[in-house]
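Which chain is which? The protein sequence lines are A and B, in order. Start counting the first sequence at 115; every next residue gets the next number (our numbering). Start counting the second sequence at 180; every next residue gets the next number (our numbering). Backbone N, C-alpha and C fix where the C-beta goes; we use that ideal spot for every residue, glycine too. From a predicted model like this one, the values you see are computed outputs, not experimental measurements. Shown next, in structure tokens, is the structure this report addresses.
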Amino acid sequence: MQIPIETETLANGLRVTYSEDHVAPLVAVNLWYHVGSANEREGRTGFAHLFEHMLFQGSANVEANEHFELVQRAGGTLNGSTWLDRTNYYETVPSNQLAIALWLEAVRMGCLLPALTQQKLDTQRDVVKNERRWSVDNQPYGTWWEKLPALTFPSTHPYHHSLIGSMEHLSEASLQDVAEFFTTWYTPDNAVLTIAGDFDPAEARALVHQYFGAIPRNASPPSRPDFAVPPRFERPMREVVEDDVQLPRAIVAMRIPPSGSDAWYAASVAAAVLGMRKGSRLYRRLVRELQVAADAGAYTFDLTKGADLFVVDATANANVTPDRLEQAVHDELDAFALDGVTDAEIARALALIETDFVSSLQSAQERADTLSKFATYFGDAALVNEQPARYQRVTASEVTAFAKEWCTSDNRATLLYVPQQPVAQEEAA
Amino acid sequence: MTAIDMSVRPTPGAPRAYTFPAFESVTLPNGLRIVIAPQRKLPLVTVLALVDAGSVADPVGQEGVAQLTASLVTEGTGDLTGAALAELVELMGSSLDSGADWDSSVVKLTTLSSRLPEAISVLARGLTDPSLPEDEFQRLRTERLADLLQQRSEPRSLADEAFAQVIYAPGARYAKPDGGTEQSVRALTLDQLRAFHADRYSPVVTTVVLVGDVSVDGGIALVTKVLGDWTGTRPSDSSAPDTTLLTARGVRIVRKIDAPQSELRVGHVGPRRLTPDYFPLVLCNAILGGLFSSRLNLNLREEHAYTYGAHSGFDWRRWAGPFSMDAAVQSDVSAKAVREILNEFEKIRAEPVTASELSLAKSYLDGVFPIRFESTRAIASALASQSIFGLPADYYDTYRASIRAVTAEQILKASEVHLHPDRLQVVAVGDADSISSDLSALGHGLVTVVDPIDALGQ
């Protein structure tokens, strides 16, 4: 199963990947900009994401509210998302509508600023504040995804601050900030474009050159922040968060080498061993045997710069105290760091990873996003075709070595959510 | 490179034809129905075993029994414990899950096609002969109670459950959570689960859907091998559930102290899935609150910035399910937001939708049709709906034409018949102290305030 891949780089620096197949009459367009919350300036937390909202507010050639409408009228789906170090925008459309999707991406890359107004910014600022209330402030455990990076990266580090941003900083964002951010980061040489699905290669290339070819590259590419951190925490860290929740939750993060490294592949398999599905070790031990947790999982953040995080989380069963939950999670990590893994555990993990990979190839947009990811982070979209073999090369001894080196107690940061009021007394069933 | 004029919008080429995946269905001598849609794109197969034993089949007082029984089906069979079963399936790289929704219980398998024979054999053993062990029953019941406890702090779950309580009469099955209430789940016994499985799980009410890298003949042979000997009769009691609805207006506030947002639900009981007005209502909803460019979202988000998103939807079930308009709005504009929602609701049934709105909704629903069916799971799920609701065999082949045929007049007519301003219930999960007086001032019927624990159907 090889994804067909053709690549080219335009004179302005835009890197383009074409992946052609004709299984269904649809095509995915996916554009990654190599900028995220890590690139925000001091006092502007949340700005990269607020900016993403502004890209749906029209451009010199597109009216406000028209961007969504044009794609939907074409029979397509669309969205965008902001992450620590990248922002993506994407459409999936019927294959005869490829041109409108490419044109919309090009006009906003080429001429966004003339369409921006204070009113649009004020509206999206309030929308984003409501997004923050919805996903963070009024959601049980919702603060975890700003508290965990804050706990695990030094205050000066680009990953430390909140991605969704503080209300104060969102209030301070100005049109001037929008213009500067756009000019600095939203240029073709800082973007990768992927087209996947049912298209005619010659026609697609011609459209890409027509629409994107004349957009100037950044004459003075910006400097990127320093992502370097010490390789380990060197001491246990812990934060207790009182929240409007009924059940305690323990989130334990370990600092590990960045995504793409050999140790990271071992970590990725370790996450499957520990936390993927019901046959995983955490489910077996914490949920099935000890019954201290109602749910448990493990995953990597997949950060490619500086360091990544390896995270284990568990939500308590009814009547289980925060301390007992926390202790049980650390006991499992202790056992993992001491004894490593068995061949059978690795076989299970690799089999699940393989099936998930095949499943992920079904959606044109998911293929396109993966191609953009490898092109953005590693400079080579074709790496996607090496992933199954790369995972199969991971051995039990490598995962055991990973566990012994990176999962020790001095490299763990624990975020413990506890109910604000005492848990209601529930009889154990 | 010659510069081109970017103000010129591209026009689409000729659309390429698309047909919904071809499928065949057969019924085995024991009454089991098989639906197979070969898709040879990738070495992957999804299997859904659907049993007509959804939460609506819960006996009164045993709410939650369908879900717990379904969960236990993959927790051990024969000499396999639950843990051993999970291990066996996952060593093949397969995933096997089970659960129940309102209309059916389902066991789901996704596997590489090379492992299909072994994996479907495990599915079949669990489905027909589960151990239903005491220890796993106790564990899963405790987890369901933990889940209910958790929901007391989850605004979205609280809003959904409180909404069900105010639109259905107290005795209606749909008034209570599909997974049961704390009271009903606590009272469940293993014998009740065993009886439910014995009564309700039968080949005559089961459909097995296979989609992916499998041939029609190969699929039939496999299913016949693992389920052909299963025997069973039609369940004795298959009557319609009580779906009595409430017909007054009112405002129900669920207290969440200091909440920065109010989680809103506005609506009433809608029609059942097989309503002849289905397509006009789908378009009506797309325009009202189904699309990003819908009236509700453009009003509440893009014009007023009250919310991150406003939506509406019919919860299509075999019997009459809810219709609701939803948004999480910042607390201080709760009443204003409800007012806008009520206005949009009035407007959509007062005058025809515009030609532009209609063409947008139609071209969207028509165009995204192929995009909805890229995965074996999505195709299997569509075939499952067809089976559960008894949709015609050519339903997906005619879907796009049915969408395109709807007129603004039909939408208006369907709105008048199915949307009822005099029955609209409003639910707000939020800071009762600061929002209740504004909500009272709306004059939208009786205002009641409850605590979260009472919103979960005690």
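Of all alpha-carbon atoms in B/225, B/407 and B/371, the one lying nearest the alpha-carbon of residue 287 of chain B is that of B/225.
Membership of residue 627 of chain B in the beta strand (DSSP E) is indicated by the continuous run 625–629. DSSP links residue 193 of chain A through a beta bridge to A/204. In the structure shown, the three-state DSSP call for residue 483 of chain B is coil.
Residue-level contact check: residue 471 of chain B touches chain A, since one or more beta carbons of chain A fall below 7 Å from its beta carbon. By the neighbour-count criterion, in which 16 or more other beta carbons inside 10 Å mark a residue as buried, residue 497 of chain B falls on the buried side. Residues of chain A whose Cβ lies closer than 8 Å to the Cβ of residue 613 of chain B do not exist; the shortest such Cβ separation is about 14 Å. When Cβ-Cβ separations below 7 Å define contact, residue 369 of chain B makes no contact with chain A. Among the CB atoms of chain A, none fall inside 7 Å of the CB of residue 256 of chain B.
One finds nothing in chain A with a Cβ atom closer than 8 Å to the Cβ of residue 457 of chain B; even the nearest lies about 20 Å away. Residues 133 and 134 of the same chain have their beta carbon placed closer than 6 Å to that of residue 118 of chain A, with the five preceding and five following residues left out of the count. Under the three-state reduction of DSSP, residue 188 of chain B is assigned to coil, being neither helix nor strand.
Residue 447 of chain B: member of the beta strand (DSSP E) spanning 440–448, first to last residue. In summary, the residues of the stretch 494–513 of chain B whose CB is separated from some CB of chain A by less than 8 Å are 507, 508 and 509, in the order they occur in the chain. For residue 435 of chain B, no alpha helix (DSSP H) segment is defined, and its DSSP state is neither H nor E.
Non-local beta-carbon contacts of residue 600 of chain B in its own chain, meaning distances under 7 Å to residues more than five positions away in sequence, involve 524 and 525 in chain order.
Taking a contact as a CB-CB distance under 8 Å, the pair residue 444 of chain B and residue 342 of chain B counts as one, their CB atoms being some 4 Å apart. Assigned with DSSP and collapsed to three states, residue 134 of chain A falls in strand. Per the DSSP secondary-structure output, residue 293 of chain B pairs with nothing in a beta bridge.
Closest in C-alpha terms to residue 243 of chain A, from the list B/484, B/266 and B/495, comes B/484.
In the structure shown, the three-state DSSP call for residue 436 of chain A is helix. DSSP, reduced to helix, strand and coil, places residue 206 of chain B within a strand of the structure shown. Listed along chain A, the residues sitting closer than 7 Å to residue 220 of chain B by beta-carbon distance are 137. When C-beta distances to chain A are compared with 8 Å, the residues of the stretch 211–241 of chain B below that value are 220, 221, 222 and 223, in chain order.
With the criterion set as a beta carbon lying under 7 Å from some beta carbon of chain B, the members of the stretch 167–191 of chain A are 175, 179, 182, 183, 186, 187, 188, 189, 190 and 191, in sequence order. Residue state for residue 334 of chain A is assigned as coil, using DSSP reduced to three classes. Judged by beta-carbon spacing, residue 160 of chain A lies within the 7 Å limit of residue 279 of chain A, meaning their Cβ atoms are closer than that value.
Contact of residue 440 of chain B with chain A by beta-carbon distance below 8 Å involves 244, 247, 248, 251 and 252. For residue 450 of chain B, no CB of chain A lies under 7 Å from its own CB, so it is not counted at the interface with that chain. Taking a contact as a CB-CB distance under 8 Å, the pair residue 433 of chain B and residue 608 of chain B counts as one, their CB atoms being some 4 Å apart. The beta carbon of residue 273 of chain B lies closer than 8 Å to those of 288, 289, 290, 291, 294 and 298 in the same chain, with the five residues before and after it left out.
With respect to chain B, the C-beta atom of residue 460 of chain A has no partner C-beta closer than 7 Å. If you check each beta-carbon in the stretch 438–471 of chain A against every beta-carbon of chain B, the ones closer than 7 Å belong to 461, 462, 465, 466, 468 and 469. Between residue 481 of chain B and residue 216 of chain A, the alpha-carbon positions lie close to 24 Å from each other. According to the DSSP assignment, residue 502 of chain B belongs to the beta strand (DSSP E) that extends over 501–509. Where residue 282 of chain B is concerned, there is no enclosing beta strand (DSSP E), because DSSP gives it neither an H nor an E.
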